[in-house]
Each structure stands twice: as structure tokens, then as C-alpha cells.
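**Student:** What follows is a structure written as C-alpha cells; I'll ask about it next.
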Amino acid sequence: MCRKHTSDPSARRTYYDEDVPEFIQVTDTGFVERRLCIFFENEMSISHATCQGISRVYNAALGNSSIPNSSRLLHELTGDLVLESFLFHAVLRDKRRHREVLSVIHGDYQNHRLDEALKERNYRMAGTGQHHWAHACDRCMRVYQGEDGRSYDRWGA
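Here the sequence shown is numbered in our numbering, starting from 4 and rising by one per residue.
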């Protein structure tokens, strides 16, 4: 049994679940539904939207509520919360894919909470860590001879 109090600077928040939780606590006062994280990912990858832009659209179109919020939970979605949601969801999915547990510092500043996990993931992804790191087909890369007789390659041709 863990006997550390959350106010202890060395306390950690650990995610043991085999699946990414349906609701992710991305800040001390912010919980985000997994489906919303997926929406953020799609907005960024398909629409090339910024975190700030996503939060503005969400607040204008979907964030209005007639239910009074007297809690200390966030009233509006911010660009920072969109980014934290995106990163937390990505790290959780990565940990699940590798059958690992995510453990983050509980009491540290929010913008540094994922530093350790992100560094670990980036180190693993560098070089040969990506599934298709050595992929090069005729659709993705073209090799051609220039007017000077030298060979050149062109990615995304």
C-alpha cells in the first residue's frame, strides 16, 4: 500500500489500466474525455489547427452550458489544456502499446509533469524506433538524375 500523501514532493500519479482511461486527469482541475482527446488529435493532424484555435472553436461551438459551475474545475477549455490532453493521451497510448505503466510526478508544475515520459518516448522513437523507419517506396521517394549528371532523391514526390 502506498503511504505517500499527494502533498509529498516525491508523490507520483500512476496509470495502471490496460486501456487508456475514459476520463484523463490532465491537470489538477481538468479532466478530459478520451474521445475529446481523439478529436484534438484529428483537428491537429487533419485540419492543422493550433491548440489555441481548437480551444476557441470548442468554447464558441460546444462549450456553452446553462448548468452553473460552482466547482474549482475549469469553466473554459484553454489552448494549454488542449496541448496537455493531446500529450497525455499520446503518452498513455504509447505506454499501453508497449505494455508499460505510466508514472508521472504528482506535485510538480503541470508543464513539466510529462517531461520524463516524453524524453523516454522520444529517445525510443529516434533512429530505428519508428515502425517504418527504413521504408522507401516509389510512391514516397524518387531518385532522379539531374542535368549535372548527379543522382538526387526527392521525398514525397
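Glycine residues also receive a C-beta, built at the ideal position from the N, C-alpha and C atoms.
In the DSSP assignment, find the alpha helix (DSSP H) that holds residue 88 and state where it starts and stops.
**Tutor:** For the purposes of this step, residue 88 is taken as the residue at position 85 of the sequence shown. Looking at the DSSP string, the run of the alpha helix (DSSP H) that includes residue 88 is 82-100.
**Student:** Would you tell me roughly how many angstroms separate the C-alpha atoms of residue 27 and residue 49, rounded to the nearest one?
**Tutor:** Here the question's residue 27 lines up with position 24 in the sequence shown. Here the question's residue 49 lines up with position 46 in the sequence shown. Rounded to the nearest angstrom, the two C-alpha atoms are 23 Å apart.
**Student:** For residue 18, tell me which candidate among 109, 32, 33, 127 has the shortest Cα-Cα distance.
**Tutor:** In the sequence shown, residue 18 corresponds to position 15, counting from 1. Minimum Cα distance to residue 18 is reached at 109.
**Student:** Are residue 89 and residue 47 closer than 9 Å when you measure CB to CB?
**Tutor:** Stepping through the sequence shown from its first residue, residue 89 is reached at position 86. Stepping through the sequence shown from its first residue, residue 47 is reached at position 44. Their beta carbons are under 9 Å apart, which means residue 89 touches residue 47 by this criterion.
**Student:** Answer yes if the segment 118-130 comes into contact with the segment 49-65, meaning at least three C-beta pairs across the two stretches below 8 Å, and no otherwise.
**Tutor:** No, the segment 49-65 does not touch the segment 118-130.
**Student:** Rank 63, 81, 21 by C-alpha distance to the C-alpha of residue 98 and give the top, closest one.
**Tutor:** As a first step, residue 98 is located in the sequence shown; it is residue number 95 there, counting from the start. Of the listed residues, the one whose Cα sits closest to residue 98 is 21.
**Student:** Would residue 80 pass as a contact of residue 61 if the rule is Cβ separation under 9 Å?
**Tutor:** By 1-based counting over the sequence shown, the position of residue 80 is 77. By 1-based counting over the sequence shown, the position of residue 61 is 58. Result yes, Cβ atoms of residue 80 and residue 61 sit closer than 9 Å.
**Student:** Express the C-alpha separation of residue 84 and residue 30 in angstroms, rounding to a whole number.
**Tutor:** The residue given as residue 30 occupies position 27 in the sequence shown. The residue given as residue 84 occupies position 81 in the sequence shown. Roughly 8 Å between the two C-alpha positions.
**Student:** Give me the Cβ distance between residue 96 and residue 23, rounded to the nearest whole Å; I'm assuming they're in contact under 8 Å.
**Tutor:** Residue 96 sits at position 93 when you count from the first residue of the sequence shown. Residue 23 sits at position 20 when you count from the first residue of the sequence shown. Indeed they touch by this definition, with Cβ atoms about 6 Å apart.
**Student:** Taking the alpha-carbon positions, what's the residue 41 to residue 82 distance?
**Tutor:** Reading the sequence shown from its first residue, position 38 is the one you call residue 41. Reading the sequence shown from its first residue, position 79 is the one you call residue 82. Approximately 15 Å between the Cα atoms of the pair.
**Student:** Rounded to whole angstroms, what is the Cα-Cα separation between residue 39 and residue 118?
**Tutor:** Here residue 39 corresponds to residue number 36 of the sequence shown, with the count starting at 1. Here residue 118 corresponds to residue number 115 of the sequence shown, with the count starting at 1. Going by the C-alpha atoms only, they are around 22 Å apart.
**Student:** Please state the DSSP three-state secondary structure of residue 36.
**Tutor:** Counting from one through the sequence shown, the residue named residue 36 turns up at place 33. Looking at residue 36 - three-state DSSP - the assignment turns out to be strand.
**Student:** Exposed or buried, residue 153, counting other C-beta atoms within 10 Å across all chains shown (16 or more means buried)?
**Tutor:** Position 150 of the sequence shown, counted from the first residue, corresponds to residue 153. With fewer than 16 other Cβ atoms within 10 Å, it is exposed.
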